[in-house]
Structure formats: C-alpha cells, structure tokens
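For the sequence shown, my numbering gives the first residue as 22, with consecutive numbering after it.
Cβ atoms here follow ideal geometry from the backbone N, Cα and C, with glycine treated the same way.
From a predicted model like this one, the values you see are computed outputs, not experimental measurements.
To keep things clear, I will list the structure first and then write my remarks on it.
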Amino acid sequence: NAYGIVDYFWTITGEPNTVVSLTLSNFKMPSSVWCSNELTIYDGNEKNSRLIGRYCGSDMPRLIRTTGNVLHMTLKNHYVVSDCFTGNYSVHACRPLTFGPSCMRTCQCLTAGTDFCDNINGFCSCKPGWTGRDCSKDVNECRSARNYNCPINSVC
C-alpha cells in the first residue's frame, strides 16, 4: 500500500543484444484529469531515455517491448493505491528488422530508408527524407514549400 505521494522506480536490464518484453495486467490506476497517478515507461536506463508511454486509468497496451536491452519504469502514486498492476517481463533476442511475439516475423521495411522497425507490430519508422509503408519512397525535399534552398546531398 502507498499513502501520500510516493514514487517507485524499476529498471530491467538484459544481456547485450536482447530486448525486454513487458506485459501488464490488472492495471488499476485511479483516473484523474491530470493523471496524477501514472506509470511511465522508457526505452533505456533512465527517465531521459526515449519515452515509450505514460499510462493512467485503465489505458494500457497489452505488450510493451524495448529496442535495446534496458527498460525503465516510474510509478507516480498520489493516493492510497494497493496493487496498481501486475507485471511480467522476459528478456530475449530480437534481431533487427524482425517483429512479433517471438521476433520471428520479418519487417517489410526497405533497409536504406528505415530508421527502425517496430518490433511489436512491424511498422516501419522512416529516416528523414524517406516515406511510405516500407520507407522506400525518396522524399523530394526541393518541392517542399518550407525548403527554399536545396538540402545537402540533394539534387534540385
């Protein structure tokens, strides 16, 4: 049980070249307009790492997975809350450009234009200058209304 304002911190670290998969159940965070009770999850070892998400109320994804071997969580608890959630995690290998429950499916991303492939759903996140479902379409930066000069490494 927690009384008053209490902050909790957890860091899960796996071996190099692994990812952390986290499933949360029985998520019972009191809901409020300002989410004064919230679980924050980071893809890395501290709160300055890439934010995966902030969750309060009953808003919680089924599966959370890091891109590297460390997951950091903080729980901000401003009310009397007992048993906010139940969590299970696993640390396992997940090769680049793979996704799915066991990272056995291959992402359909074009490697040259892809920043990363979401290892849960297989969606491609494109590098700057690339677009499309598979990051295969080269963006013509010279046609953009916001670019009055041709960017470096571009041909206009």
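TODO: Please say whether residue 81 and residue 48 have beta carbons closer to each other than 9 angstroms?
DONE: Counting from 1 along the sequence shown, the entry for residue 48 is found at position 27. Counting from 1 along the sequence shown, the entry for residue 81 is found at position 60. At a Cβ-Cβ threshold of 9 angstroms, residue 48 and residue 81 count as neighbours.
Task: Rounded separation between residue 156 and residue 133 - CA only - done: As a first step, residue 156 must be located in the sequence shown, where it is residue number 135. As a first step, residue 133 must be located in the sequence shown, where it is residue number 112. Rounded to the nearest angstrom, the two C-alpha atoms are 8 angstroms apart.
Task: Alpha-carbon spacing of residue 158 relative to residue 137, whole angstroms - done: Walking along the sequence shown from the start, residue 158 turns up at place 137. Walking along the sequence shown from the start, residue 137 turns up at place 116. Counting only the Cα atoms, residue 137 lies some 16 angstroms from residue 158.
TODO: Mind listing, in chain order, the continuous beta strand (DSSP E) runs of no fewer than 3 residues lying wholly within the stretch 28-100?
DONE: 40-46, 59-64, 71-76, 91-98, all fully within the stretch 28-100.
Open item on the list: Our contact map puts residue 87 next to residue 41 with C-beta atoms below 8 angstroms; I'd like the distance itself, whole angstroms only.
Closed with: Translated into positions along the sequence shown, residue 87 becomes position 66. Translated into positions along the sequence shown, residue 41 becomes position 20. Yes, they are in contact, since the Cβ atoms of residue 87 and residue 41 sit about 5 angstroms apart, within 8 angstroms.
Task: Bridge partners - residue 158, DSSP secondary structure assignment - done: Reading the sequence shown from its first residue, position 137 is the one you call residue 158. According to the DSSP secondary-structure assignment, residue 158 is paired through a beta bridge with 152.
Open item on the list: Quick check on the burial criterion: 16 or more other C-beta atoms within 10 angstroms. Buried or exposed for residue 36?
Closed with: Along the sequence shown, one-based indexing puts residue 36 at 15. By the neighbour-count criterion, in which 16 or more other beta carbons inside 10 Å mark a residue as buried, residue 36 falls on the exposed side.
Open item on the list: Can you tell me whether residue 22 is buried or exposed? The criterion is at least 16 other CB atoms within 10 Å of its CB, across all chains shown.
Closed with: Indexing the sequence shown from 1 puts residue 22 at position 1. Here the model assigns residue 22 a pLDDT of 47, short of 50, so the residue's position is not dependable, and the following value carries that caveat. By the neighbour-count rule (16 or more Cβ atoms within 10 Å), residue 22 is not buried but exposed.
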